[in-house]
Amino acid sequence: MNQSIRVFALLVFSAACLAAAQAQEKLAVNMVNEKLDNAVQQIKVLAKRSSETMLPKTYDNGKNFDSETGWWTSGFYPGTLLYLYEHSGDEALLALAKQKLKLLEKEQFNTTTHDLGFMLYCSFGNAMRITGDTAAYKEVLLKGAESLATRYSPVTKAIRSWDFDNFPVIIDNMMNLEFLNSATRLSGDRKFYDISVTHANTTMKNHYRKDYSCYHVVDYNPETGDIIKKKTNQGAFDESAWARGQAWGLYGYVMMYRDTKDKKYLSFAKKIAKYMLAHPNMPDDLIAYWDYDAPDLPADNKYAKYKHYRDASTAAITASALIEMSTMVKGKLSRYYLKTAETMLYNLSSAPYTAELGSNGGFLLKHSVGSIPHNSEVDVPLTYADYYYVEALLRYKNLIK
Ligand code: GLY
């Protein structure tokens, strides 16, 4: 082949590759739009099946279960409605979300929970972002952040999770820091941000093991800040890696890097991602088991019969975090995070995880696990699995469009 033929062949090949890549991207955008359009239809089924004065939580055995506003998951349904309004512009979804916000409003005064980020930021935070109406939502958000800040202790350098034990801090609490960061941006008061950064640093130091898996709970002595015990609440055993906890941690440190630009959080998130994605018990479809150690449970273990149960919520949270992470790194690693998230989203969007329209009580995803040790919400749909799944679809769509 002479030189000009070789150059011509190369150009034709590159053009074909580019066209194939563009066609693939178009297909991906179409697929994501189709999934989001279906979600709009499905959430209307959920709306019809749930109480007007409560918030959808789960569905089991033909029955929908709703919660009061004080339950930790109360913000996810309005948040999902708002994400789907953002996608579709369907005003009925916004109106429904606003009705739910009215119910939720009183939680701004709740000082008995660390979950105010989930409850108020996923709901009111999204409402403010999407509608652009800061004046309508600022007060609730700032009062809620004040309430959350009352649970911070300068002795433990952390925000208290539950009001039992001594001073328990659960990894899930990383997810409430986004709310505090936004409160500083809204008010100009550094207090919220300082609490958030201190809590994230304490968690980095005390919750994580050498392999970058984390404990679910660290219980501190509230008088001295010393650690009393590291243990689990929803995992298979104290030393195990409860899957959703790993996902909360990953998402939390990705978000902390976004909000602080402190590289140590990104580098930490990369190590957590490596632990999760390279784990020998990660299934081929990348929808994690409810605990990374569950598949190894011996036959006589009390949870052995659940050893192969999956948790779709973990995959949804992880996919959403990985899509954001793919924008924070470059080259091969960026492509790896995005491809991994794509696989998770693709599998979540298919059977057996995505429900047929009109089924599953109106929830989008099947096969999540609330808490096996409490025999609660086992292999069911969960409002937060749907929330992070829709968030991940939107993040993906916005990235590739
Ligand atoms: N925050 C409780 C859970 O993840 O199940």
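If you count by mature numbering (1 follows the signal peptide of the UniProt record, and there is no 0), then the sequence shown holds residues -23 to -1, 1 to 378, one letter each, in order. Cβ atoms here follow ideal geometry from the backbone N, Cα and C, with glycine treated the same way. Model, not experiment: these values are computed from the prediction.
Count the other CB atoms within 10 Å of the CB of residue i; is the residue buried (16 or more) or exposed (fewer)?
i           : result
Ala281      : exposed
Asn150      : buried
Lys309      : exposed
Thr50       : buried
His351      : exposed
Gly229      : buried
Val346      : buried
Thr57       : buried
Asn337      : buried
Lys343      : buried
Pro131      : exposed
Leu376      : exposed
Lys77       : buried
Pro145      : buried
His285      : exposed
Glu63       : buried
Leu125      : buried
Arg287      : buried
residue 457 : Given that the chain is displayed from residue -23 to residue 378, the structure contains no residue 457 and the question cannot be resolved.
Lys190      : Position check: residue 190 holds Ser in this sequence, whereas Lys was assumed. Flag for Ser190 reads buried.
Ala112      : exposed
Pro329      : exposed
Ser28       : exposed
Phe141      : exposed
Asn324      : buried
Lys12       : buried
Glu368      : buried
Ser244      : exposed
Gly52       : buried
Pro33       : buried
Pro358      : buried
Asn137      : Residue identity check: residue 137 is Arg in the sequence provided, not Asn. Under this definition Arg137 is a buried residue.
Where does the unbroken beta strand (DSSP E) through residue i begin, and where does it stop?
i      : result
Tyr36  : Leu32 to Asp37
Phe42  : Lys40 to Ser44
Tyr366 : Not the beta strand (DSSP E): Tyr366 falls in the alpha helix (DSSP H), residues Thr360 to Ile377.
Ile147 : Pro145 to Ile147
Ser348 : Ser345 to Ser348
Based on the DSSP secondary-structure assignment, which residues constitute the bridge partners of residue i?
i           : result
residue 382 : The shown model of the chain, from -23 to 378, leaves out residue 382, and the question about it has no answer.
Tyr129      : Ile136
Thr57       : Note: Thr57 sits in no beta bridge, so no partner.
Thr331      : Leu342
Tyr286      : Beta-bridge pairing links Tyr286 to no other residue.
Tyr266      : Arg287
Starting from residue i, trace the alpha helix (DSSP H) both ways and give me its first and last residue.
i      : result
Ser28  : From DSSP, Ser28 is part of no alpha helix (DSSP H); its letter is neither H nor E.
Ser353 : Careful: Ser353 lies outside any alpha helix (DSSP H), inside the beta strand (DSSP E) at Ser353 to Val357.
Glu319 : Gly308 to Leu325
Lys251 : Lys240 to Leu254
Glu301 : Ala289 to Ser303
Give a yes or no on whether the minimum CB-CB distance between residue i and chain B is below 8 Å.
i      : result
Leu325 : Protein chain content of the structure displayed is limited to a single chain, and chain B is not contained in it.
Does at least one heavy atom of ligand 3 sit under 7 Å from the Cβ of residue i?
i      : result
Ser353 : Absence of ligand 3 from the depicted structure is noted, with ligand 1 being the only ligands included.
*asked:* Please give me, in chain order, every unbroken run of the alpha helix (DSSP H) with length at least 4 that falls completely inside the stretch 64 to 108.
replied: You should have 68 to 81 and 103 to 108.
*3-residue-minimum beta strand (DSSP E) runs that sit fully inside the stretch 161 to 222, ordered along the chain*: The qualifying runs are 194 to 197 and 204 to 208.
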